[in-house]
């Protein structure tokens with residue numbers, strides 16, 4: 001892609017998200033979401049592969065549906081209240097519609113069906129943008145409107161997402177689909193705690209972004225899209241393989257890695273709110289996700305060459321990818337747990 005076009009598209013992505021962040025008016029927020037969607041579509045379709053075009057079409061249709069629902073709900077609310085302000089959401093119908101539309105935007109279960117299919121059709125860097133940056137603007141709107149939404153709806157969305165995100169990834173062999181289901185499960189953790197402590201939602205979102213960035217950049221460096229290919233990476237870059245296994249365990253939420261921190265604090269907060277059954281379901285759902293991360297770790301670090309692997313061994317060529325983003329995101333994904341007391345001070 002022409003670097004000038006790429007620069008314009010990435011700037012538009014940033015502009016759309018910033019516009020949504022800064023707005024308290026529904027029309028402006030909707031405009032930001034639309035700029036965001038339209039800016040990523042050329043990036044998704046840039047390889048002109050039938051799978052990429054199909055993924056782009058699916059993404060466009062779901063995002064357009066969600067945008068239309070947001071516009072309809074905000075118009076309904078403006079009709080009832082007489083103003084477009086986000087903080088004045090007195091219509092329960094408009095609230096519910098907006099949360100469902102935003103859930104469709106970020107791929108929360110049961111509105112998640114587009115997410116694995118779309119991510120599977122994209123290259124890894126565009127998939128990284130879709131899994132991280134594209135979640136920010138809808139999440140800003142969810143956080144602003146969550147106070148007026150029925151708590152049972154948010155709890156149902158959260159539990160369904162963590163369960164489906166865990167179950168869906170169990171039988172997958174494609175790494176992008178596994179990361180899509182991982183994303184759905186993490187979104188569930190963020191939504192479940194939103195009504196009690198929004199700061200923990202932001203913390204979970206930040207750690208998710210760093211861990212997912214590390215995972216996608218590793219796959220990009222090793223050119224891996226299937227579990228079979230992961231088994232041949234250790235001979236090419238053993239240190240990368242060791243750190244990747246730790247990043248995957250961090251995504252699964254194991255101590256003493258960064259991923260344990262948001263899960264620990266969220267379960268602690270749910271228990272404080274006298275919701276032991278919800279906390280137990282969430283903890284058990286995390287085990288489902290942990291299983292498929294462990295599968296990836298097993299394929300990467302515990303299978304050696306005598307095993308029959310159907311994929312060809314990669315050429316040991318020097319990669320042209322810059323390693324600084326990978327190094328930074330991996331370090332953050334592995335080493336932030338000791339910062340928990342400081343983060344607790346900031347969130348309480």
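Numbering (full-length UniProt numbering), first residue to last: 1 to 348. C-beta atoms are modelled at their ideal positions from N, C-alpha and C, and glycine is treated no differently. Nothing here was measured: the structure is a model prediction, and the numbers come from that model.
Exercise for the section: Would you tell me roughly how many angstroms separate the C-alpha atoms of residue 130 and residue 119, rounded to the nearest one? Expected result: CA-CA distance, residue 130 to residue 119, rounds to 8 Å.
Practice task
With DSSP as the reference, please indicate the residues paired to residue 226 in a beta bridge.
Solution key: According to DSSP, which records beta bridges pairwise, residue 226 is partnered with 174.
Problem - Local conformation of residue 147 per DSSP, three classes - result: Note: residue 147 maps to helix in three-state DSSP.
Exercise for the section: Report yes if the CB atom of residue 41 is closer than 8 Å to the CB atom of residue 12, and no otherwise. Expected result: Taking the C-beta atoms as reference points, residue 12 is found no nearer than 8 Å to residue 41.
Problem - Residue from 216, 208, 128, 266 with nearest C-alpha to residue 250 - result: Considering only alpha carbons, the answer is 208.
Exercise for the section: Rounded to whole angstroms, what's the CA-CA distance from residue 184 to residue 203? Just pull it up for me. Expected result: Rounded to the nearest whole angstrom, the C-alpha separation of residue 184 and residue 203 is 17 Å.
Problem - Chain-order list of residues whose beta-carbon lies under 7 Å from that of residue 71 (same chain, five-residue window excluded) - result: Within the same chain, residue 71 has close Cβ partners 30.
Handout entry: Nearest candidate by alpha-carbon position, reference residue 145, set 341, 49, 85
Key = Taking only the C-alpha atoms, the option nearest residue 145 is 85.
Exercise for the section: Would you kindly report the start and end of the unbroken alpha helix (DSSP H) that includes residue 120? Expected result: Taken as a continuous stretch (DSSP letters only), the alpha helix (DSSP H) holding residue 120 covers 114-120.
Exercise for the section: Indicate whether the contact test is met: 3 or more Cβ pairs, each with one atom in the region 44-53 and one in the region 86-106, closer than 8 Å. Expected result: A contact is defined here as three or more CB-CB pairs under 8 Å, and the region 44-53 fails this definition with respect to the region 86-106.
Handout entry: Alpha-carbon to alpha-carbon, residue 200 and residue 334
Key = Each residue's Cα considered, the two are about 19 Å apart.
Practice task
Quickly, what does DSSP pair residue 25 with across the bridge? List them, please.
Solution key: Under DSSP, residue 25 shares a beta bridge with 85.
Practice task
Taking residue 155 and residue 100 to be in contact with their CB atoms under 8 Å, please state how far apart those CB atoms are, rounded to whole angstroms.
Solution key: With a Cβ gap of about 15 Å, residue 155 and residue 100 do not count as contacting.
Practice task
For residue 245, count neighbouring Cβ atoms within 10 angstroms of its own Cβ and tell me buried if that reaches 16, exposed if not.
Solution key: Label assigned to residue 245: buried.
Exercise for the section: Confirm, please, whether the CB-CB distance from residue 33 to residue 139 is below 8 Å. Expected result: No, the Cβ-Cβ distance between residue 139 and residue 33 is not below 8 Å.
Problem - Inter-stretch contact (C-beta, 8 Å, three-pair minimum) for the region 215-228 and the region 257-266 - result: With a cut-off of 8 Å, the region 257-266 and the region 215-228 do not count as touching, because too few Cβ pairs lie within range.
Problem - the region 225-244 contacting the region 285-292, beta-carbon criterion three pairs below 8 Å - result: The region 285-292 and the region 225-244 do not touch, with fewer than three beta-carbon pairs separated by less than 8 Å.
Problem - Cβ-based burial, residue 4 [other Cβ within 10 Å; buried from 16] - result: Counting C-beta atoms within 10 angstroms of its own C-beta, residue 4 has fewer than 16 neighbours from the protein chains shown and is therefore classed as exposed.
Handout entry: Residue nearest to residue 216 in terms of C-alpha spacing, selected from 180, 159, 128, 281
Key = Ranked by Cα distance from residue 216, the options 180, 159, 128, 281 are led by 128.
Practice task
Provide the residue span of the alpha helix (DSSP H) that contains residue 268, from first to last.
Solution key: Taken as a continuous stretch (DSSP letters only), the alpha helix (DSSP H) holding residue 268 covers 260-272.
Exercise for the section: Kindly indicate which residue of 324, 181, 23 has the alpha-carbon position closest to the one of residue 109. Expected result: If you compare the alpha carbons of 324, 181, 23 with that of residue 109, the shortest gap goes to 181.
Exercise for the section: Classify residue 241 as helix, strand or coil using the three-state DSSP reduction. Expected result: Residue state, collapsed to three classes: helix.
Handout entry: residue 143 vs residue 194 beta-carbon contact at 8 Å
Key = It is a contact, given that the beta carbons lie within the stated cut-off.
Practice task
Please go through the same chain and pick out, in chain order, the residues whose beta-carbon is closer than 8 Å to the beta-carbon of residue 170, but skip the five residues on each side of it.
Solution key: Non-local beta-carbon contacts of residue 170 in its own chain, meaning distances under 8 Å to residues more than five positions away in sequence, involve 288, 291, 292 in chain order.
Exercise for the section: Can you say whether residue 22 is buried or exposed, counting buried as having 16 or more other CB atoms within 10 angstroms of its CB? Expected result: Residue environment analysis places residue 22 among the exposed positions, since fewer than 16 neighbouring C-beta atoms fall within 10 angstroms of its C-beta.
Practice task
Check the C-beta distance from residue 243 over to residue 330 and give it rounded, since I have them as a contact under 8 Å.
Solution key: Contact holds; Cβ gap of about 5 Å.
Practice task
Could you check the C-alpha separation between residue 38 and residue 302 for me, to the nearest Å?
Solution key: Taking the straight line from one Cα to the other gives about 43 Å.
Exercise for the section: Using a threshold of 8 Å, state whether the C-beta atoms of residue 17 and residue 137 are closer than that. Expected result: In terms of Cβ geometry, residue 17 and residue 137 form a close pair [threshold 8 Å].
Problem - residue 349 in three-state terms, based on DSSP - result: Lying before the first or after the last residue shown, residue 349 is absent from the chain, which here runs from 1 to 348.
Exercise for the section: Starting from the C-beta of residue 161, find all residues in its chain whose C-beta is less than 6 Å away, skip the five residues before and the five after it, and write them out in chain order. Expected result: Apart from the 5 residues on each side of it in sequence, residue 161 sits with its Cβ closer than 6 Å to the Cβ of 108, 109, 184, 187, 188 in its chain, given in chain order.
Handout entry: Top-ranked residue by Cα proximity to residue 253, from 240, 176, 166
Key = When each option's Cα is compared against that of residue 253, the closest is 166.
Handout entry: Length of the line joining the Cα atoms of residue 27 and residue 75
Key = About 9 Å.
Problem - Collapsed DSSP secondary structure at residue 182 in the structure displayed - result: In the structure shown, residue 182 sits in a helix (DSSP, three-state: H, G or I).
Practice task
Taking residue 126 and residue 213 to be in contact with their CB atoms under 8 Å, please state how far apart those CB atoms are, rounded to whole angstroms.
Solution key: Rounded, the Cβ-Cβ distance is 13 Å, inconsistent with contact.
Handout entry: Reference residue 347, options 178, 54, 266, 274, closest by Cα
Key = The candidate whose alpha carbon is nearest that of residue 347 is 266.
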